[in-house]
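Here is the structure we will look at, set down as structure tokens.
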Amino acid sequence: MQINYTPIRSTIQQAIDLIVAKKNKKAQVKLTAADEIITELIDHAKSDEDIIEISRYQVLLNQLHQKINE
159 MQINYTPIRS TIQQAIDLIV AKKNKKAQVK LTAADEIITE LIDHAKSDED
209 IIEISRYQVL LNQLHQKINE
């Protein structure tokens, strides 16, 4: 079964848009939602390629968390 990355992409993009708009509290909520989506994706990952792709989103999420906390 193919993993659908659209929800994580959309949620992360919304968080980025909120960060740019200086709405860090709302961005934090979106990043928390993205964390939950990533956890779900990891639970359903079947291949190494899926894990690698998901880890890219985790790295981006960590960078966005750092950006908010600067």
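Under my numbering, the residue at position 43 of the sequence shown is numbered 201, and the numbers go up by one with no gaps.
Glycine included, each C-beta is placed from N, C-alpha and C at the ideal position.
- Excluding five sequence positions before and after T169, the CB atoms of its chain that fall closer than 7 Å to its own CB belong to K188, A191, A192, I195, given in chain order.
- Going by C-alpha positions, Q224 is about 14 Å away from L176.
- Judged by their CB atoms, I212 and I200 are nearer to each other than the 7 Å cut-off.
- By the Cβ neighbour-count rule, A179 is exposed, with fewer than 16 other Cβ atoms within 10 Å of its own.
- Put simply, the backbone Cα of S205 is about 10 Å away from that of I161.
- Following the DSSP letters along the chain, one finds I161 in no alpha helix (DSSP H), marked with neither H nor E.
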